[in-house]
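Report on one structure; see the data block that follows.
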Amino acid sequence: MKKISTILLLGLFILTLSFAAAAQDLSGEEVLTNIENARQAETASMQMTMELYNAAGDMRSRQLNSRHKEGEVEKSLIEFTSPADVAGTAFLSLEDNSSSEEDMYLFLPVLGSVRKISGSQKNGNFVGSDLSYIDLTVFSGANYKDNYQADVLDSSNEEYLLKLNPTDPDINYKYGKMWVKTDIWSPKKVEFYDQSEELLKTVQLEDFKKIDNNWIAQKITVKNEQKGTKTVMKMTEIKFNINLDDQLFTTRYLER
């Protein structure tokens, strides 16, 4: 009996080592690929509450709808529904996967026209939040590979720690650090550093839920560590693989 137990323990030990070696053998690019592949849905739709906190802790709340569609051109649409001063504001992102070129558009009802966001404007704050326009498109599509090159800093069976080096010249972060959960291949924390290598933003992803074989964080907190402000996004009414008309993702739709 002792011999059998010893053999079983030895087998479990070897199996554990093999799993650890397999996890640690992944490159940074392979981890980013796993994150991208973990999202199996062709389309996604959700309602969001965005809470904006100033440095004093005062909060303003906004309601919005978010829709995303995969394809040769990756499409994202965000529309604000309340309060009245931002209702009707909409953001559209179109990324050509063959060239990684991305077009961003913002519609402001007070102006009644669509404005294209380009160059350094992509680093501007999205409608007064702590997210930049580039942050928004990366998080919505989990398309880190299109914007960053990754190196592994540390790894275990439970998580990877990556260093993210921007490949998009429009990104003004010096670099980022990302903690990735290996059980569901999703980021759980991201840090972004400014050009002086000082911590600028911290992103926490929480309350993960599996919906139609897709894991999604139902709460994302973005904190500006230098200003003391933060933005909390809470996702509800999450749906995957629903029918979304391509006409939704056009500047004509924004101006309807």
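Take 27 as the starting number for the sequence shown in the numbering used here and just add one per residue. Backbone N, C-alpha and C define an ideal beta-carbon position, used for all residues, glycine too.
Excluding sequence positions up to five away, which residues of its chain have a Cβ less than 7 Å from the Cβ of PRO135? GLY114, THR115
Note down, one range per segment and in chain order, each beta strand (DSSP E) of at least 3 residues found wholly within the region 123-152. 127-134, 139-143
With DSSP as the reference, identify every bridge partner of ASP180, one or two as the case may be. Bridge partners of ASP180 according to DSSP: LEU187.
Beta carbon of VAL258, beta carbon of GLU77: below 8 Å? yes
What's the gap between the Cα of PHE133 and the Cα of THR107? Taking the straight line from one Cα to the other gives about 13 Å.
6 Å Cβ shell around ASP122 - same chain, five flanking residues per side excluded: VAL99
Could you give the DSSP three-state label for GLN273: helix, strand or coil? helix
Could you spell out the range, first to last residue, of the alpha helix (DSSP H) harbouring LEU57? Residue identity differs from the one stated: residue 57 is Val in this sequence, not Leu. 54-64 is the extent of the alpha helix (DSSP H) around VAL57.
Per-residue DSSP class, three states only, for TYR199: coil
Taking the Cβ atom as the reference point for each residue, do VAL153 and GLU281 lie within a distance shorter than 8 Å? no
Thinking C-beta only, is ILE264 closer than 8 Å to ILE242? yes
With a cut-off of 8 Å on the beta carbons, I'd call THR240 and ARG65 a contact; round off their distance for me. Going by the sequence as given, residue 240 is Asn instead of Thr. Right, their Cβ atoms sit about 6 Å apart.
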